[in-house]
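Residue numbers (our numbering), protein chains in the order written: chain B, 1 to 717; chain A, 1001 to 1262. No residue lacks a Cβ here, since even glycine has one placed at the ideal position from N, Cα and C. Notes for the one structure printed next.
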């Protein structure tokens, strides 16, 4: 627990230097786009095949290794989740240079990028890329701890652990060889053992870079503790539920946890089935190398930056973590971290918007039976955040709805100029009216009945929420909008069944495997993400499938461009495959879109006002369109499963046997085509063409469907 | 009042549905095509190639021959799943009169006579027109004019049968006189309505050329007055046998076509 206490002390002393900009919305890439983001996948793996030609691996294994590692890398780099040129990545790169000051060759090869993930993690690839996560940057307590993590990853690269791990697995799992007599369990343990040995080796070599740079040895051990508690929030503080209450309104005790689960400190877990050794063993291995405390002259926590500069950067990481929490629908995690950050940034607009968004998100997801997104498993949670998980898990749909609307309206008072907040308020109230009966909500405090002696029924636990809006009803604006929302909703219910109306519109689409909804027309310009092609041939190895997919994808992208022109739809492709067409500006826009899509995907196209929507208006204005299109094609093939019954029947009756053989030997194909267009202004899906049918991939057929999709979009031209 | 509101809503919904109706995309925007189509099939018992009597010895044709019909089609795509075709076709075929000797049995009061052992195969020329409706199957991923379809067709055939240059043995049963002689019953005309159903698949070669392969099952009938020659000795019998032959002739066909989209 010591490192955590230290973290609290450190964070509380540096508040005066906090400098996250007031207009922060999200982190962006900057500077020239690195080659890693520009180079085509095919170029990357071909280059690796040439470079690895002298490896011990067979030719096929060299290809497999190059394709698989590059595919993973390429997908990550181009998926909109990795930052470059931003303050965090720049800092990590500077730190890397510092660590490698005496290792020129490595310095020229290695580079660091930041992954927008809240997990505490870092890893290096065979291509010389080191990834660090926002979670790691947000949680390490000082520069020294980050430096050790980077040094550890440098060692992994320097020792080619990824390649050797692949070679080792090939050897262990091959049918012949010295491991052939082992059963699956023994082979699995052997694989993990090799991985743990690699970690020890990396820990040991990391010391060279780390100590050369002058960092404190003690911070290695503290850093291990941070990794051990990587699942915890950035800080331990008690969550304040008082902000939801006032003099007259109190949350029922039933929803507040009595005592929280203590934080475990198990350094010596059984690591036999883990890829990493347990923390105790790692600490011991370091002690064996260098001693247990600040032996020698090294004692620095900060070498490259000052503590204030480091804190500023860490704040940025922690702010961006809020975005990630919300994108994943982890509103509880976000709310907790917002409260932590509000200590140093009490009136920050981003935090305010985020907090209100979390309440709206919980309101929506609880009503859509998706509560598990943010509230499941509070029993497994440790520390102060458990109180919030408990609250979210116990609070029923009606309570979440009432509390969310109440809090959003109370907190947004005086923020009527903020279009995002105003929209959120409206959406929240609308959602309340659709999910909570009007007569549940009281407009004035009930009088206490002292006259009757009759025994009353025990009040329900949720009844505390009835008076939630009494104070708000004194606000004329709220009262008017509340009445309007409930009035609209009543009329809608009485006049027609909304569901039936939707069914009518889609009646055209009741064909198995084919679902179309042409809700947009006259669309002649839209933002577009490069089409994706997936060739999934289960008869072939994964690397072969990926190579075919890549080749066909390039062709599909080219044809899509031509067909859109033919149908009169201008495409603004944000992730153009040609390196010369790529720019940081476009990549940033692409990231905004990808983040929005990720957030939207949690709600499966249901009417939802997502947090990332606030970043879309600039894009709509910049590109002059309200629409975003995505498209993918997949061709799936597998061998037909053997049918013994048909075999016997056809063999006995003889004549059908050739037909049986044809049927049995013929592989099964399925082609999927998806074309979806989002209305960015409304934040909803406006158009889709989804098809799945038993067929091989035929370019003419896909051309025809692609043209049709574009044609339907622009049909009023 | 509620009924009025619901009726108004229904009307509005139908207007909305009309507005949302998909437009026809055709193949990359092209919704018409002209095609050349070849219908083929195996034929047994009758020759496909007509021949004069002096070109054949008796029944020298193979028992199996490949029939062929050449057809020109114009197709228009009316929706993304429906195509209407009009067509015209031609073929030249024949028959073995040895299967048809009964029609030449002449029952005159003076005695019976008959032609038999025919040498040569009469020329039969068929010109036909027709319409076809293709229904593309959405669940198979079809989008007119590409993909899997079923087709229903109706063809109007006009057969011209040239009974000349046929050499046959001629027997007068009353006198027991046997001769071999050329007969000439002139040109007969016969009309026949064929209805058929097909399954097929269309694929693209290029942005303008598409090809189509499939199989047709057909049958037909001839209405009263479809046969307009009355010179044969046993006219009704000939008509009956000819109809039987044409029905068999049109029973199964395989086809392939190549179309130009515009």
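Shorter than 8 angstroms from the beta carbon of residue i to some beta carbon of chain B?
i: residue 1023/A; result: yes
i: residue 1027/A; result: yes
i: residue 1123/A; result: no
i: residue 1032/A; result: no
i: residue 1240/A; result: no
i: residue 1080/A; result: yes
i: residue 1252/A; result: no
With 8 angstroms as the threshold, decide whether the Cβ of residue i is near any Cβ in chain A.
i: residue 705/B; result: yes
i: residue 690/B; result: no
i: residue 712/B; result: yes
i: residue 503/B; result: Here residue 503/B scores only 39 on pLDDT, less than 50, and its place in the model is too uncertain to base an answer on.
i: residue 73/B; result: no
i: residue 180/B; result: no
i: residue 715/B; result: yes
i: residue 615/B; result: no
i: residue 708/B; result: yes
Please list, in chain order, the chain A residues whose beta carbon lies closer than 8 angstroms to that of residue i.
i: residue 566/B; result: 1028, 1029
Look up residue i in the DSSP assignment and say whether it is helix, strand or coil.
i: residue 156/B; result: helix
i: residue 1025/A; result: coil
i: residue 395/B; result: coil
i: residue 683/B; result: coil
i: residue 1199/A; result: strand
i: residue 507/B; result: With a pLDDT of only 39 at residue 507/B, under 50, the local geometry of the prediction cannot be trusted, and no value is derived from it.
i: residue 649/B; result: helix
i: residue 82/B; result: strand
i: residue 323/B; result: helix
i: residue 1048/A; result: coil
i: residue 1193/A; result: strand
i: residue 1072/A; result: strand
i: residue 132/B; result: strand
i: residue 167/B; result: helix
i: residue 251/B; result: coil
Count the other CB atoms, across all protein chains shown, that sit within 10 Å of the CB of residue i; report buried if there are 16 or more and exposed otherwise.
i: residue 1042/A; result: exposed
i: residue 180/B; result: exposed
i: residue 539/B; result: exposed
i: residue 553/B; result: buried
i: residue 1174/A; result: exposed
i: residue 662/B; result: exposed
i: residue 616/B; result: buried
i: residue 1205/A; result: exposed
i: residue 48/B; result: buried
i: residue 651/B; result: exposed
Would you report the Cα separation of residue i and residue j, rounded to the nearest angstrom?
i: residue 1262/A; j: residue 1034/A; result: 8 angstroms
i: residue 72/B; j: residue 1032/A; result: 46 angstroms
i: residue 1085/A; j: residue 1135/A; result: 11 angstroms
i: residue 1216/A; j: residue 550/B; result: 41 angstroms
i: residue 501/B; j: residue 520/B; result: Residue placement at residue 501/B cannot be trusted, given a pLDDT of 40 that sits under 50; the coordinates are not used to answer.
i: residue 284/B; j: residue 376/B; result: 37 angstroms
i: residue 1243/A; j: residue 1208/A; result: 40 angstroms
i: residue 1078/A; j: residue 1151/A; result: 14 angstroms
i: residue 76/B; j: residue 82/B; result: 7 angstroms
i: residue 151/B; j: residue 158/B; result: 10 angstroms
i: residue 1074/A; j: residue 1129/A; result: 11 angstroms
i: residue 1237/A; j: residue 1166/A; result: 19 angstroms
How would you list, in chain order, the residues of chain B whose beta-carbon sits under 7 angstroms from the beta-carbon of residue i?
i: residue 1141/A; result: 671, 691, 693, 695, 701
Run through chain B and tell me which residues come within less than 8 angstroms of residue i, C-beta to C-beta.
i: residue 1146/A; result: 700, 701, 704
Using the beta-carbon of each residue, which ones in chain A are nearer than 7 angstroms to residue i?
i: residue 514/B; result: 1138, 1139
i: residue 524/B; result: Chain A residues near residue 524/B: none, gap ~14 angstroms exceeds 7 angstroms.
i: residue 70/B; result: Here the premise fails: no neighbours, minimum Cβ distance about 33 angstroms.
If the cut is a Cβ gap below 9 angstroms, which residues of chain A does residue i touch?
i: residue 632/B; result: Within chain A, no residue comes near residue 632/B; the closest Cβ sits about 15 angstroms away, beyond 9 angstroms.
So with CB distances below 9 angstroms, who are the chain B contacts of residue i?
i: residue 1203/A; result: 698, 700, 701
Examine chain C for any beta-carbon lying closer than 8 angstroms to the beta-carbon of residue i, and answer yes or no.
i: residue 168/B; result: Chain labels in this structure do not include chain C; the protein chains are B and A.
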